[in-house]
Amino acid sequence: KNEVEQSPQNLTAQEGEFITINCSYSVGISALHWLQQHPGGGIVSLFMLSSGKKKHGRLIATINIQEKHSSLHITASHPRDSAVYICAVRRVDNAGNMLTFGGGTRLMVKP
Amino acid sequence: DAGITQSPRHKVTETGTPVTLRCHQTENHRYMYWYRQDPGHGLRLIHYSYGVKDTDKGEVSDGYSVSRSKTEDFLLTLESATSSQTSVYFCAISSDRGIHGYTFGSGTRLTVV
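As you go down the protein sequences, you meet chains A and B in turn.
Just so you know, we're using the working numbering here: the first sequence kicks off at 1 and counts up by one.
Just so you know, we're using the working numbering here: the second sequence kicks off at 112 and counts up by one.
Structure (structure tokens):
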């Protein structure tokens, strides 16, 4: 079983819809990251969370440490939000400071 | 002003040839990483560095070596490229304990024919 699981793997939405992407992890972590990757593009860091909730524009990320779960929400979705969203965690026992990644959620927002 | 650049962006090489990918940063970050991204596997760590001349293996290090002779450069070498090493390679950097998050390079698409 992967240490970081995302759901759904694929998601299609209509423009304007509220979108939720979920991430569950099975290890102790010191931080959780949400990343965005556009087709053929590089990887951009959206959020780094260790507790609570963060908001940036139409994006909201939450984390529940006790339940080992995080969600990424997109309000008023737009076709430009179409991308792969990746959850990654930094394990608490991680001397090398590296990330462990989920498999990604491919989002397509149709106009 | 990316802070991190990878070169080359694309490369096609023949099986058995050596290949070196370069990651260059201008952020003076301590940690540097090489990941590969393949369909169905997500991003997987190849090697990482926690300082000049300090490197360690990741989960998919077989067939790869790295070097870091100065803070700003982290090189990934495929000593004898194989078709299974066809992938997209990403470099990433982070400061101590990742307090300021991670920054990823734009990726290198490597095809081994």
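The beta carbon of each residue, even a glycine, is placed where N, CA and C say it ideally should be.
Just so we're clear, the structure is a prediction, and the values are computed from it rather than from any experiment.
Counting only the same chain and skipping the five closest in sequence on each side, list residues whose C-beta sits under 6 Å from that of Ser118(B).
So the list reads Arg133, once near-sequence residues are dropped.
Check distances from the C-beta atoms of the segment 136–157 of chain B to those of chain A and list, in chain order, the residues that come in under 9 Å.
The residues in question are Arg141, Tyr142, Tyr144, Tyr146, Gln148, Gly151, His152, Gly153, Leu154, Arg155, Leu156.
For Gly103(A), count the other beta carbons within 10 Å of its own beta carbon; 16 or more makes it buried, fewer makes it exposed. Which is it?
Looking at its Cβ environment, which holds 16 or more other Cβ atoms inside 10 Å, Gly103(A) is buried.
Taking DSSP as the reference, what is the three-state secondary structure of Asp94(B)?
As displayed, chain B neither begins before 112 nor continues past 224, which places residue 94(B) out of reach and without an answer.
Exposed unless 16 or more other CB atoms sit within 10 angstroms - verdict on His38(A)
Sixteen is the threshold: since fewer than 16 other Cβ atoms of the shown chains lie within 10 Å of the Cβ of His38(A), the residue is exposed.
Tell me whether the beta-carbon of Phe47(A) lies closer than 8 Å to the beta-carbon of His69(A).
Result no, Cβ atoms of Phe47(A) and His69(A) do not sit closer than 8 Å.
Hey, does Ser217(B) have any beta-carbon neighbour from chain A nearer than 8 Å?
Cβ-Cβ to chain A under 8 Å: yes for Ser217(B).
Name the chain B residues whose beta carbon is nearer than 7 Å to that of Leu32(A)?
The contact set of Leu32(A) on chain B, defined by CB atoms closer than 7 Å, is empty, because the minimum CB distance reaches about 11 Å.
Of the residues Ile63(A), Ser30(A), Glu3(A), which one's Cα is nearest the Cα of Leu72(A)?
Nearest of Ile63(A), Ser30(A), Glu3(A) to Leu72(A), Cα basis: Ile63(A).
Nearest-angstrom Cα distance between Gly216(B) and His135(B)?
One C-alpha to the other measures close to 9 Å.
Skipping 5 residues on each side, what residues in its chain have a beta carbon closer than 6 Å to that of His121(B)?
Within the same chain, His121(B) has close Cβ partners Arg220.
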